[in-house]
Amino acid sequence: ASAATHHHHHHHHQQHRPAGPRSAPRTAAARRSDLLSATLAFEDPSAFRVKSLGELLRALGIFRLCSFPVLVNHCGKLMSVARTLLGRRGFSLLLRPTVYAQFVAGENEREISQSMEKMSLLGLRPMLAVPIEEDLGESTGEKRYDDNMEAMLECVRMSHSNAWSRDPMMQLKITALLSPELCVKLTTLITQQPYDLNLVVRAMDGEPINFPGLDESEVAHFLCGLQRLNKIAEASVNKVRVLVDAEYTYMNPALSLVTMAMMKKFNKDGSWIWNTYQCYLKESRSLLLDALCLSKDEGFCLGVKLVRGAYMDKERKLAEKEGCLDPIHQCWEDTNDSYNGSLDVMLEVISQKPERYRIIVATHNEESVRRAAKRMEELGIDKDGGAVCFGQLLGMCDHVSLTLAKEGYAVYKSVPYGSVEDTLPYLVRRAQENRTVLQGIRKERDLLRKELRRRLRLSK
Ligand SMILES: Cc1cc2nc3c(=O)[nH]c(=O)nc-3n(C[C@H](O)[C@H](O)[C@H](O)COP(=O)(O)OP(=O)(O)OC[C@H]3O[C@@H](n4cnc5c(N)ncnc54)[C@H](O)[C@@H]3O)c2cc1C
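In terms of my numbering, the sequence shown has 1391 at position 382, counting the first letter as 1, and numbering is strictly consecutive.
As structure tokens, then:
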């Protein structure tokens, strides 16, 4: 009924336009796309009506704090000072109702389920993430990785066995299961001499493969890591889509190799394993095109998580230190062009073969979201057909997620969970990232303020 009213409205409007050759009746597509850009303007603070007063104030307070560069830049240090001063319990008492509540779903299944039920009522779907941040020099033996695997298997189970599970997704960090050191070494090796994908697939199947260039203990660890990944993939096929995170350029090639092997093994009839493409990288477009070719040659379905990229500062610092070429696009505009270009490529192939390719437009950027929606419309891709969905992080740009969901798109919220201690590095990164996601956050703050003012007026 609402579509009909809109239609009528539009017609009416046109009659008042001056007659002339230019005002010839516009095409239905143009009219639809007008409606689309009006609804996806993300200007409507009513998206926040579902939030409690406490939640509004919390969000405003936290985004306000994130707007002070001093605080954000020294966030990690400040947090560890606070932890020393307040002690573990005091620190947890400070963080729990504030930053933690904003960005983390909870610690145990009951807490997680509570916040997921709320989200599912709003039409948002779950993408659980076990926040394990590993970088070089932090690894501690096979046991640690086995524990991480158990945590991931638990995540698989939780993702698909609850009332709020609806075509669930989860995020997977390979460096939580395979040491970052080995990933770096593999990266060096495969840039010199690419590994055969089948070798990795056979190792996942349990064959004792001997990988060239690795010593005995490295081979053993690699085989164990592949077994862990294999176990998680087996547990999730036909139940949960597993989205593998992209990390740093000095290990991404190894992560992609392993992910492609998982795709080859598990994506024969559907996209259960997905890879991530970071569009801030100069080479991201060619990496995506390579993946498209490979999936075609090897006959597997390709799932793509398209992001801009989260590690810009660290990547740049490293490139400078090592005297290499900066792997990141020179400016934000170039990253944007890269993102939108790759988005177009994916939507194009999806419109031709929607059963072979899938994408999650994982961004808070309104322009990219609108662009995706517009192209979907033009190419005739279903809003909720499964091939295209959108993703934002919990606690960030709810106005974008809620509006998209209301309009009938498939929207996922990436939901980290765990204790304050375990999620701390994630929280620090979140705060720092809010600095680079300027536009979205400023807008969200404005909308939150509007909604707050409206309620204050109402309560008078
Ligand atoms: C569901 C989900 C999953 C994610 N998974 C991953 C992942 O696996 N790996 C990963 O790295 N990130 C991941 N991210 C984070 C993502 O890469 C971005 O950091 C974050 O989403 C901000 O980008 P944006 O498009 O939302 O916002 P925008 O505000 O549009 O863009 C900000 C981004 O633009 C880029 N940028 C900013 N300034 C410049 C500049 N001067 N020059 C060049 N580029 C610049 C940076 O990448 C920055 O993060 C994920 C995000 C979501 C929502």
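Built from N, CA and C at the ideal position, the CB exists for glycine as well. Since the structure is predicted, the reported quantities are computational estimates derived from the model, not experimental observations.
Problem set entry | Backbone secondary structure at Asn1082 - three-state DSSP | In the structure shown, Asn1082 adopts helical secondary structure according to DSSP, grouped into three states.
Problem set entry | Same chain, Cβ closer than 7 Å to Leu1062, five either side skipped, listed in chain order | Closer than 7 Å at the Cβ level, and outside the excluded window around Leu1062, lie Arg1464.
Problem set entry | Collapsed DSSP secondary structure at Val1246 in the structure displayed | Three-state DSSP puts Val1246 in coil, outside helix and strand.
Exercise. Near Thr1470, which residues of its chain fall below 6 Å by C-beta distance, leaving aside the five closest residues on each side in sequence?
Worked result: Here the chain comprises residues numbered 1010 to 1469, so residue 1470 is not present and cannot be evaluated.
Problem set entry | Short Cβ contact (8 Å threshold) for Ser1423 with Leu1436 | Judged by beta-carbon spacing, Leu1436 lies beyond the 8 Å limit of Ser1423, meaning their Cβ atoms are not closer than that value.
Exercise. Do Met1158 and Leu1186 have their CB atoms nearer than 8 Å?
Worked result: Leu1186 sits close to Met1158, with the two beta carbons spaced by under 8 Å.
For this session: Return yes when at least one heavy atom of ligand 2 lies under 7 Å from the C-beta of Asp1254, else no.
Result: This structure lacks ligand 2; its bound ligands are ligand 1.
Exercise. What is the residue span of the beta strand (DSSP E) that Asn1284 lies within?
Worked result: Membership of Asn1284 in the beta strand (DSSP E) is indicated by the continuous run Ile1282 to Gln1287.
Exercise. Measuring from the CB of His1408, is there a heavy atom of ligand 1 at a distance below 7 Å?
Worked result: Not so, every heavy atom of ligand 1 lies at least 7 Å from the Cβ.
Exercise. Anyone know if the C-beta pair for Met1125 and Pro1135 falls short of 8 Å?
Worked result: The Cβ atoms of Met1125 and Pro1135 lie closer than 8 Å to each other.
Exercise. Quick one, which of Asp1155, Gln1201, Glu1307 and Gly1417 has its alpha-carbon nearest Leu1131's?
Worked result: Nearest to Leu1131 by alpha-carbon distance, out of Asp1155, Gln1201, Glu1307 and Gly1417, is Gly1417.
For this session: Would you check if there are 3 or more beta carbon pairs closer than 8 Å linking the segment 1063-1071 to the segment 1106-1115?
Result: Counting C-beta pairs with one atom in each stretch, the segment 1063-1071 and the segment 1106-1115 have three or more that are closer than 8 Å, which means they touch.
Exercise. Looking at Leu1137 and ligand 1, is the gap between the Cβ and the nearest heavy atom below 7 Å?
Worked result: Every heavy atom of ligand 1 is 7 Å or more from the Cβ of Leu1137, so no.
Exercise. What's the C-alpha gap between Arg1233 and Lys1277?
Worked result: According to the sequence provided, residue 1233 is Cys. The question's Arg does not apply to it. Cα-Cα distance, rounded: 24 Å.
Problem set entry | Nearest neighbour of Tyr1289, chosen from Thr1258, Met1272, Ala1263 and Ser1304 [CA to CA] | The shortest C-alpha to C-alpha distance from Tyr1289 to any of Thr1258, Met1272, Ala1263 and Ser1304 is the one to Thr1258.
Exercise. In three-state terms, what does DSSP make of Asp1455?
Worked result: In this structure, Asp1455 counts as helix in the three-state DSSP scheme.
Exercise. Is there at least one non-hydrogen atom of ligand 1 closer than 7 Å to the beta-carbon of Gly1400?
Worked result: It does: the Cβ of Gly1400 is within 7 Å (strictly closer) of some heavy atom of ligand 1.
For this session: Tell me whether the beta-carbon of Trp1281 lies closer than 8 Å to the beta-carbon of Ser1245.
Result: The answer is yes: Cβ separation under 8 Å.
Exercise. What number of angstroms, rounded off, separates the C-alpha of Cys1398 from the C-alpha of Ser1265?
Worked result: Going by the C-alpha atoms only, they are around 22 Å apart.
For this session: Starting from Cys1398, follow its DSSP beta bridges and name the residues at the other end.
Result: Cys1398 pairs with Ile1369.
Exercise. Cβ atoms of Ala1270 and Val1316: under 8 Å apart, would you say?
Worked result: Not a contact, by the Cβ cut-off of 8 Å.
Problem set entry | Under the three-state DSSP convention, the category Tyr1421 falls into | Strand.
Exercise. CB Gly1389 to CB Val1370, shorter than 8 Å?
Worked result: Against a cut-off of 8 Å, the Cβ pair of Val1370 and Gly1389 comes out as no contact.
Exercise. Is the closest heavy atom of ligand 1 to the C-beta of Met1272 under 7 Å?
Worked result: No, the beta carbon of Met1272 sits no closer than 7 Å to any heavy atom of ligand 1.
For this session: May I ask whether a heavy atom of ligand 1 can be found less than 7 Å away from the beta carbon of Gly1085?
Result: With a cutoff of 7 Å, Gly1085 does not count as near ligand 1, since its C-beta is closer than that to no heavy atom of the ligand.
For this session: Taking only heavy atoms of ligand 1 into account, decide whether any of them is closer than 7 Å to the Cβ of Thr1344.
Result: Thr1344: yes, Cβ under 7 Å from ligand 1.
Exercise. On the three-pair Cβ rule with 8 Å, is the segment 1351-1360 touching the segment 1381-1388?
Worked result: Between the segment 1351-1360 and the segment 1381-1388 there are three or more inter-stretch CB-CB distances shorter than 8 Å, so the stretches are counted as touching.
Exercise. Does any heavy atom of ligand 1 sit closer than 7 Å to the C-beta of Gln1269?
Worked result: In the sequence as presented, Gln is not what sits at residue 1269; that position holds Met. No, Cβ of Met1269 sits at least 7 Å from all heavy atoms of ligand 1.
Exercise. Is the CB-CB distance between Phe1220 and Met1272 below 8 Å?
Worked result: No, the pair does not count as a contact, with Cβ atoms beyond the cut-off.
Exercise. Which partner residues does Arg1462 have in the DSSP bridge list?
Worked result: In the DSSP output, where bridge partners are listed per residue, Arg1462 has none listed.
For this session: Note down the Cα distance separating Glu1243 from Gly1350, rounded to an integer number of angstroms.
Result: Glu1243 and Gly1350 have their C-alpha atoms some 34 Å from each other.
Exercise. Excluding the five sequence neighbours on either side, which residues of its own chain have a C-beta within less than 6 Å of the C-beta of Ser1360, listed in chain order?
Worked result: Non-local C-beta neighbours of Ser1360 in its own chain, meaning closer than 6 Å and more than five positions away in sequence, comprise Leu1388 and Ile1390, ordered along the chain.
Exercise. Do Ser1168 and Leu1137 have their C-beta atoms within less than 8 Å of each other?
Worked result: Contact: yes.
Exercise. DSSP puts Lys1277 in a beta bridge; with which residues?
Worked result: BP columns for Lys1277 are empty, so no partner.
Exercise. So, Leu1095 versus Leu1103, is the Cβ gap smaller than 8 Å?
Worked result: In contact: Leu1095 and Leu1103 (Cβ atoms closer than 8 Å).
Problem set entry | Beta-carbon gap between Pro1482 and Ile1199 smaller than 8 Å | Within the shown structure, residues of the chain are numbered from 1010 to 1469, placing residue 1482 beyond reach of any answer.
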